[in-house]
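Taken in sequence, the protein lines are chains A and B.
The first sequence begins at 41 in the working numbering and counts up by one.
The second sequence begins at 41 in the working numbering and counts up by one.
Contents: one structure, followed by commentary.
Number of protein chains: 2
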Amino acid sequence: MENQRIVLASRPEGWVTPQNFRLEKAAAGSPGEGEVLVKNLWLSLDPYMRGRMSEQKSYVKGVDIGEVMVGQTVGEVVESKHSKLKPGDKVLTQLGWQLYGVTKDATKVDERAPLSYYLGMLGMPGMTAYFGLKDIGQPKPGETVVVSAASGAVGSVVGQLAKIWGCRAIGIAGGPEKCDFVKNELGFDECFDYKAGRLRDQLRDIDVYFDNVGGEILDICLARMKLFGRIVVCGMISDYNATEPYRVKNLRAVLVNRLKVQGMIVFDWKDRYGEALKALGGYYAAGKLKTRESVVEGLANAPQGLIALLKGGNFGKQLVKLA
Amino acid sequence: MENQRIVLASRPEGWVTPQNFRLEKAAAGSPGEGEVLVKNLWLSLDPYMRGRMSEQKSYVKGVDIGEVMVGQTVGEVVESKHSKLKPGDKVLTQLGWQLYGVTKDATKVDERAPLSYYLGMLGMPGMTAYFGLKDIGQPKPGETVVVSAASGAVGSVVGQLAKIWGCRAIGIAGGPEKCDFVKNELGFDECFDYKAGRLRDQLRDIDVYFDNVGGEILDICLARMKLFGRIVVCGMISDYNATEPYRVKNLRAVLVNRLKVQGMIVFDWKDRYGEALKALGGYYAAGKLKTRESVVEGLANAPQGLIALLKGGNFGKQLVKLA
């Protein structure tokens, strides 16, 4: 069976370009003992992928030149030598940017929600929102929670959880269309368009800032935090493509207002994924969690999907439909 | 009885100058019901005073033009209409930069340690070190604790507590004389001279950074923190006199290494001062806590003492001997 895969052709300097990727053909391979051959159906595109394309230190080792780009997928088992999986089972994998792959590490998912949701609000992005907001943000009812990239995979869940937990939810997003969605579809109390350039005046009295972007927006929020406020540092997408990092000037607020600023990555909570999945699944089943997906069709279009995501040009959880 | 006092004459722009202060004479006043008249013996000079001289938002309201400069003192009760204090008692007060004052708020101190120590390692600076390191830094035995302004009132206690609690203590100080003191008198494992410009190479694998200075040294330490490191933000003396704040470029490390960065002010622990005083007093009595004082003689010299402190020109806990 023929496989198609996208490998890292070169490391980006600044913005990612299509030339950093190469589409290859290869044999799909067959499973050894304890393995499955999976046909990938959906590929998740996420900001962290930018980090893996660099040699710069990030959470984990980067992708080598010539290696398949990393990423989470939902797929279907085609052939199995795994004791607990059979052909037709739907599974979560880390097979990356390819149509087929052989792996030991496939987790069966039930099909109560659309399969793609397991890459979004019921997957890593949803769990990131859940643990970051709950454990680091520690919002109390009545507090004001601000989240950037509010229409995105993580941000949209953060704000909805804030509402479920009795807080005031304020989103930050790019452009009136996204802001309208965040406020009117997702049910945030307010959403501000950072492109309008008025965040400095619009934001105030923030108890929890859930930061997906870093840079200037983080700097503005620092200056608008309340006493004993918490900042969840979950992403710095604004820096990922910058050759020089943004230089933050309002760090003095950490001292004056006794803020807590803490970085996170969802892997640190891997022992508690079950708790998050149960909570998020319950909210979804109760109609309290909505999502929006931004889908590109076909593996060959994955690079442009990632580039759009990194530039803020997508709208909702970014996915590639592979089959 | 004649009093002398120093009032704020004008607000500094950038560095503090002697012209920002004015020495005045006035009557000492006499105590009303529940009050004492105190003759101040020692005045503490501290970096936070720079903040109080500005209109810029800080922890608490600033000093108004024409008002007596704030500060903690140790003094002796001269006249008392307070039920629990009598003439001759030694007391801690917030009477500020003056020779005499009338107050309700005087706390009797025992005299087991030299009186000036109640403004230093057994006072606010010592308690700042204790709560900041213990509650925010949460050092575990064997971890590496780095502290800036290591020869100063707070920093010297931080490093000694780190050693007492089983950690490796690394100081940062200005010049070989201070570094020698920190290493050989206070017993830190190492002390680096930031003026030598090699901190970037010298520092590595920091678990806890206790920050008294902010600015470029904070920026360097951010990039040298270990996974799950903690930064206690206790002071930003490098920014207090800057007209433009230093802009931090390594905040990405908060995300990559999942750091916790938290601001503190000792007042937030006021319910637990007794715990700190008991612990610090015990370590002092056991010969495990040393200190060094930098003393200017006479109220008139207090401004130059503060200016030296803010420029890093002092060495040890900065005090004014008033009588």
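From the three backbone atoms N, C-alpha and C, an ideal C-beta is built for every residue, glycine too.
Small disclaimer: the values here were computed from a predicted structure and weren't measured.
Residues bridged to residue i (per DSSP)
i      : result
R45/B  : E64/B and Q138/B
K357/A : E333/A
L132/B : V114/B and T147/B
T184/A : R208/A
V272/B : F250/B and Q302/B
V76/A  : S120/A and T143/A
Same chain, Cβ closer than 6 angstroms to residue i, neighbours up to 5 away in sequence not counted
i      : result
P87/A  : G275 and I277
R270/B : G177, V248 and K300
L262/B : N290 and A293
V142/A : G69, P71, E75 and L77
G160/A : A193, T331 and K357
L295/B : none
V360/A : L83, V336, A342 and G345
F307/A : none
Any non-hydrogen atom of the ligand GTP within 6 angstroms of residue i CB
i      : result
G102/A : In the structure shown, the ligand GTP is absent, as is every other ligand, since no ligand is present at all.
Nonlocal neighbours in the same chain, by C-beta distance under 8 angstroms from residue i, ignoring five residues either side
i      : result
K289/B : D259
W55/B  : N281, I347, L350 and K351
E53/A  : T283
D279/A : G254, G255, P285 and Y286
V272/B : G172, L173, I176, G177, V248, Y249, F250, D251, Q302 and M304
G441/A : Residue coverage of chain A in this structure runs from 41 to 363, which leaves residue 441/A outside it and unanswerable.
E95/A  : R51 and G102
L155/B : L81, W82, V114, K130 and V149
G338/B : V360, K361 and L362
E119/B : S70, P71, V76, L77 and P127
G182/A : G206, C207 and R208
7 angstroms Cβ shell around residue i - same chain, five flanking residues per side excluded
i      : result
A340/A : L63
D245/B : T184 and K266
G74/A  : K121, H122 and K144
K218/A : S191 and F355
P165/A : A193, V194, V197 and K357
Y313/A : M167
C151/A : At residue 151/A the sequence reads Glu, which differs from the Cys that was named. Excluding sequence neighbours, E151/A sits near K130.
V103/A : L48, R92, M93, M109 and V110
Y158/A : V114, L132 and V149
T147/B : V131 and L132
S188/A : G195, I212, D251, N252, V253 and I257
Y234/B : I212, G214 and I257
A66/B  : N43 and R45
Proximity test, Cβ basis, 7 angstroms: residue i and chain D
i      : result
A190/B : Protein chains in the displayed structure are A and B, and chain D is not among them.
Taking a cut of 7 angstroms between CB atoms, which residues from the stretch 279 to 306 of chain B lie near chain A?
-> D279, P285, R287, V288, K289, L291, R292, V294, L295, V296, N297, R298, L299, K300, V301, Q302, G303, M304 and I305
Name, going along the chain, the residues of the stretch 160 to 175 of chain A whose beta-carbon falls closer than 8 angstroms to a beta-carbon of chain B.
-> none
Mind the definition here: the stretch 68 to 85 of chain B touches the stretch 127 to 139 of chain B only if three or more C-beta pairs lie below 8 angstroms; say whether that holds.
-> yes
Alpha helix (DSSP H) runs contained entirely in the stretch 190 to 270 of chain B, provided each spans 4 or more residues | 193 to 204, 216 to 220, 239 to 242 and 255 to 262
Count the CB pairs spanning the stretch 200 to 208 of chain B and the stretch 222 to 229 of chain B that are closer than 8 angstroms, and state whether there are at least three.
-> yes
Near-chain A residues of the stretch 100 to 134 of chain B (beta-carbon distance less than 9 angstroms), N- to C-terminal order = none
Which runs of the beta strand (DSSP E) fall wholly inside the stretch 275 to 319 of chain B and span at least 3 residues, in chain order?
-> 300 to 303
Anything in the stretch 264 to 280 of chain A with a Cβ closer than 8 angstroms to a Cβ of chain B? List those residues in chain order, please.
-> V273, C274, G275, M276 and D279
Which ranges does the beta strand (DSSP E) cover as unbroken runs of at least 3 residues, wholly within the stretch 78 to 127 of chain B, from first to last along the chain?
-> 113 to 120
Within 8 angstroms of chain B by C-beta, residues of the stretch 240 to 264 of chain A in sequence order = G254 and L258
Residues of the stretch 308 to 327 of chain B with Cβ closer than 8 angstroms to any Cβ of chain A, in chain order | D308
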